[in-house]
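Student: Listed in order, the protein sequences are those of chains A and B. FYI, the numbering for the first sequence is 1 to 412, going by full-length UniProt numbering. FYI, the numbering for the second sequence is 1 to 381, going by full-length UniProt numbering. Ideal Cβ positions, reconstructed from N, Cα and C, are used throughout, including at glycine. Please find one structure pasted underneath; my questions will follow.
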Amino acid sequence: MTAIQKLDENPTAHLSPEDIEAFGAEIEAIRQEILAKRGASDAAYIRRLIAFQRWLEVGSRATLLASVFPPAFVVGTAGLTVAKILENMEIGHNVMHGQWDWMRDPKIHSTNWDWDNATPAEAWKHSHNELHHTYTNVLGKDNDLGYSIMRVDEDQRWHPFFLLQPLWNAVNACFFEYGIAAYDLQLGKYLPMKKEDRPEHFTKGAKDVLKKIRKQAGKDYLVHPLLAAPFGGFLPTLVANFIANVGRNVWSHSVIMCGHFPEGVAVFEKSSIDGETKAEWYLRQGLGSANITGSKLMHIMSGNLSHQIEHHLFPDLNSNRLAEVAPQVKAVFEKYGLPYVAGSLPKQLGSAWHKVFRLSLPNGWLATTTPKNAPKRVAQLYKMSTGGRKARKAIQAELDAAASSREFTPAA
Amino acid sequence: MSSTLLPQTGTRPGARIGHRLTRVFEAATTPLLPADYLDLVAPLRPGADLRGRVVSVEPETADAATIVIKPGADWAGHVPGQYVRIAVDVDGVRHWRAYSLTHGPRRDGLISVTVKAVPDGKVSNHLVHRTQRGTLLHLEQAAGEFVLPADEHGVTPASHRKLLFVTAGSGVTPVVGMLRNLFPSTDSGVLKPARSKDLDIVVVHVAPSQPDSIFLRDLQALDAAGAINLVARYDDEHGVLDMETLGQLVPDLAARTTYACGPAGLLEALEKHHTAKGLPLQTEQFRAATVVAGDGGTVHVGGKEIAADGATPILDAAEEAGVLMPSGCRMGICMGCVLPLKEGAVRDLRTGDVTMADAMTGPVAVQTCISAAAGACHLDH
Ligand SMILES: Cc1cc2nc3c(=O)[nH]c(=O)nc-3n(C[C@H](O)[C@H](O)[C@H](O)COP(=O)(O)OP(=O)(O)OC[C@H]3O[C@@H](n4cnc5c(N)ncnc54)[C@H](O)[C@@H]3O)c2cc1C
Ligand code: FES
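Right, here's the structure in full:
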């Protein structure tokens, strides 16, 4: 994928500025329609869900008191994993977006909520709501593109470091909450600095994160195992909490990868968002996101981020309404001849991971490698990885030439 | 997520253990609090945020009903004439309103408010017509100065034994609260306990028309039992009450302490009349006075930028935008909504006065419920 402006076939090329404004007005109308009719049933939905999640967590933790017995271990671990996923995705993420602020319930309000996650609410709200949602898929602005450790676009120069990015990505998935915390802090930028040079907001932020992690780890890996200890369940409970946390992390990482990484999702150049109108913003949000198709359960477990396109168009619209607006949004996209990227979880996840692998290799390498020329390509890759910049440049030129030859030009 | 599990009580040996236990529970539930889980099963328990459960909704007239509520364990009681602030979720949105407590403290520990549905009124219509038994409401402790003085035995002092109550519309409610306390009504009729024997009470009750009058039955029963002297006045029959007529209706007006509750217009007229004659008056207003609108502006509050017009209280505009705002009576009497104005200008909707703040003046406290933006303004919240 390349910045949308550089694509041979810019999917918005056929739209005049007037078309884009008309498109924006239709999207806005969908939002207004929901705002006018949301009410008691929506409030009941989130309260029911929160109550269900809390009961599930209490029930699962109670079951884990008996976790020396394998059936209790299995049931408790599964329940706790689901509870943690619900808490982070359909509840925490969405409450902290302010999706439920309209109820004016201080207990379910973005300013008061904190979630079961290593990242403190304040830090996450800043990096997620203000940066990621504002600069969605803008190269160099949206750190969600690769969480700063990956090569996510052909335009980013390849370096042997990226060969290992599938591994980084897998590790990041397992410990995603810590990855987010590090990324919210911009750890990569500030940690290498000398202590006295680091800005105050970083030092304070790091302190808050450590405090949060201490509390989180204390709960999952100390307090609850200790409560189970009299029943011989210290270790199994600790393991159960670990599995639940990793399970939640891998799941949320997967959902988020599906939101912006699959093929067909557009990225944008920095210059393209200068003086962006609301309608253009809608356009970028829609083209920069991808949906996951699936059952109602899948939607709830993903925090309705399976409706990523709709969520990015209307970040503060309560998630329980996204399924209802999705067909309307899709119809508007179709009417204006715009791509609406959607696919099943396996398909989108496969597509996203394929991209991670493809970009871990030099541009064109994967596309121009066939069983016949494989030995040659591997040798080239070895030289690029071990040689200096010059070697990389020369071989890259060969790959580029091969990729643009007729044989490897993709059909679509 | 604000209250803790156990109230922290002094230095009793048990308190230390309780405190430790609380810490353990908190460590087990972080980032939530134990209270967030206990609320699922015992929302009315001691230590919880103050709530109440609707026990019954009893219609009084076509558009008024008495809501009987079982308050949470921490309800501290009230004095007749006081009001309670109640939060009701209407169409999923929480609204706070003040209602007078209409029964003196009851033996069964229940409290009640009587609500009249006003045209287009969000909360009053919901309470009167659409509230079901079992509904959970949020409450605040009783408040208000509109009460009769009493000694430690609940006896009204000699200075307040000749009284005049002037009530208009639903303004009758706090007065009924006081009267019910002085003269408990039972199945066998109205009681006149010894402490209330020689009270001399006149009630002038004003309403647009007769059937509209809530609590008329109560007042008539008290009148029939000789406990009070009721003068009912209906605008459509008798014309709007003026002060001259009041003097004719209550010839010994000067000998009485007056308590008045109703809309601003009536109270202002009474205040003028009584101040001129040097007579004692205690009032309670149920509704803010007329709006003096001007140009609006952008309000910065709670991390949001809100475009507000010059007629909408900042409190309403900010709540509409999803900001959690402190509030109270919503009509400029309780100071529950005060926030520091750091910069800019606001207009008092009752008087039209403009208040300004900048770096030189420093922050100025303003009541957001009766202040509208008068240009861009920045509130600290
Ligand atoms: C100390 C105190 C005690 C109170 N006690 C009682 C009580 O015992 N019983 C009771 O019914 N009300 C009482 N009120 C009034 C009550 O708090 C609400 O203002 C009233 O129920 C209207 O609320 P709403 O949400 O229905 O109307 P809103 O939706 O807020 O207003 C809708 C419309 O009704 C008008 N309006 C607002 N209040 C009144 C009113 N009181 N009369 C006529 N029109 C109005 C508004 O100007 C507006 O145009 C008391 C108020 C105070 C400050
Ligand atoms: S809310 Fe009571 S003074 Fe504003």
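Can you give me the C-alpha to C-alpha distance between Asp236(B) and Cys334(B), rounded to a whole angstrom?
Tutor: 34 Å
Student: Mapping DSSP to helix, strand and coil, what is Val183(A)?
Tutor: According to the sequence displayed, residue 183(A) carries Tyr and not Val. It is helical.
Student: Using three-state DSSP, classify Thr61(B) as helix, strand or coil.
Tutor: strand
Student: Please tell me whether Asp19(A) has its Cβ less than 8 Å away from any Cβ of chain B.
Tutor: no
Student: Within the same chain, show all residues whose beta-carbon is closer than 6 Å to that of Ile243(A), passing over the 5 residues directly before and after it, in chain order.
Tutor: Thr77
Student: In three-state terms, what does DSSP make of Val118(B)?
Tutor: It is coil, neither helix nor strand.
Student: Which residues of chain A have a Cβ atom closer than 7 Å to the Cβ of Leu315(B), listed in chain order?
Tutor: Result: empty, since nearest Cβ-Cβ is about 11 Å, beyond 7 Å.
Student: Could you please give me the residues that DSSP links to Cys261(B) through a beta bridge?
Tutor: Thr167(B) and Glu284(B)
Student: Expressed to the nearest angstrom, what Euclidean distance is found between the alpha-carbon atoms of Leu246(B) and Val176(B)?
Tutor: 20 Å
Student: When you get a sec, list the residues whose CB is within less than 6 Å of any heavy atom of ligand 2, chain order please.
Tutor: Ser327(B), Gly328(B), Cys329(B), Arg330(B), Gly332(B), Ile333(B), Cys334(B), Met335(B), Gly336(B), Cys337(B), Gln367(B) and Cys369(B)
Student: List the residues of chain B whose Cβ lies closer than 8 Å to the Cβ of Trp115(A), in chain order.
Tutor: Pro31
Student: So Lys304(B) is in the alpha helix (DSSP H); what residue range does that whole segment cover?
Tutor: Per DSSP, Lys304(B) belongs to no alpha helix (DSSP H); it is in the beta strand (DSSP E), Lys304 to Ala308.
Student: Can you pull out the residues from the stretch 318 to 350 of chain B whose beta carbon lies closer than 7 Å to at least one beta carbon of chain A?
Tutor: Glu319, Gly322 and Leu324
Student: Might you give, ordered along the chain, the residues of its own chain that have their beta carbon closer than 7 Å to the beta carbon of Glu177(A), omitting 5 neighbours on each side?
Tutor: Asn117, Ala118, Thr119 and Asn249
Student: Taking 8 Å as the threshold (beta carbon to beta carbon), is Thr111(A) in contact with chain B?
Tutor: yes
Student: Which of the three DSSP states is assigned to Asn125(B) in this structure?
Tutor: helix
Student: Are the CB atoms of Leu267(B) and Ala276(B) nearer to each other than 8 Å?
Tutor: No, they are not a contact pair.
Student: Any beta-carbon of chain B closer than 8 Å to the one on Arg248(A)?
Tutor: no
Student: Answer yes or no: do Gln282(B) and Met331(B) have a C-beta to C-beta separation smaller than 8 Å?
Tutor: no
Student: Mind pulling the chain B residues with CB within less than 9 Å of Val58(A)?
Tutor: Tyr37 and Leu40
Student: Could you spell out the range, first to last residue, of the beta strand (DSSP E) harbouring Glu90(A)?
Tutor: That residue, Glu90(A), is in no beta strand (DSSP E); it is neither H nor E in DSSP.
Student: At 8 Å on the CB atoms, spell out the chain B contacts of Arg38(A), in chain order.
Tutor: Gly92
Student: Within the 8 Å Cβ cut-off, does Arg54(A) reach chain B?
Tutor: Interface residue, yes.
Student: At a cut-off of 7 Å, is Gly343(A) close to ligand 1 when judged by its beta-carbon and the heavy atoms of the ligand?
Tutor: no
Student: Compare the C-beta of Ala412(A) against all C-beta atoms of chain B and say whether one is closer than 8 Å.
Tutor: Only weak support is given to the placement of Ala412(A): the predicted model assigns it a pLDDT of 37, under 50, and the question is left unresolved by the model.
Student: Under 8 Å, Cβ to Cβ, is there at least one residue of chain A near Val166(B)?
Tutor: By this cut-off, Val166(B) is not an interface position.
Student: One question on the structure: do Ala265(A) and Ala290(A) come within less than 8 Å of each other, judged by their Cβ atoms?
Tutor: Reading off the sequence shown, one finds Val at residue 265(A), where the question assumed Ala. Yes.
Student: Rounding to the nearest angstrom, what Cα-Cα distance links residue 444(A) and Ser385(A) in this structure?
Tutor: In this structure chain A extends from 1 to 412, so residue 444(A) is not present and cannot be described.
Student: Where do the N-terminal and C-terminal ends of the beta strand (DSSP E) with Cys377(B) fall, by residue?
Tutor: Ser371 to Leu379
Student: Can you find at least 3 beta carbon pairs, one from the stretch 213 to 226 of chain B and one from the stretch 181 to 197 of chain B, that sit closer than 8 Å?
Tutor: yes
Student: Taking Cβ to Cβ, would you say Ala207(B) is nearer than 8 Å to Gly265(B)?
Tutor: no
Student: I'd like the ranges of any beta strand (DSSP E) spanning at least 3 consecutive residues and lying wholly in the stretch 167 to 237 of chain B.
Tutor: 200 to 207 and 229 to 234
Student: In the DSSP assignment, what residue or residues form a beta bridge with Asp19(A)?
Tutor: In DSSP, Asp19(A) forms no bridge with anything.
Student: Enumerate in chain order the residues of its own chain whose CB-to-CB distance from Thr114(B) is below 8 Å, with the five nearest sequence positions on each side excluded.
Tutor: Taking Thr114(B) as the centre and dropping the five residues before and after it, the same chain places the C-beta of Glu60, Ala64, Ala65, Thr66, Ile67, Tyr99, Ser100, Thr102, Ser170, Thr173, Val176, Ile214 and Phe215 closer than 8 Å to its C-beta, in chain order.
Student: For Gly375(B), which option in Val354(B), Val338(B) and Ala87(B) has the closest C-alpha, if you only look at C-alpha atoms?
Tutor: Val354(B)
Student: Buried or exposed, going by whether 16 or more other CB atoms sit within 10 Å of the CB of Ser209(B)?
Tutor: exposed
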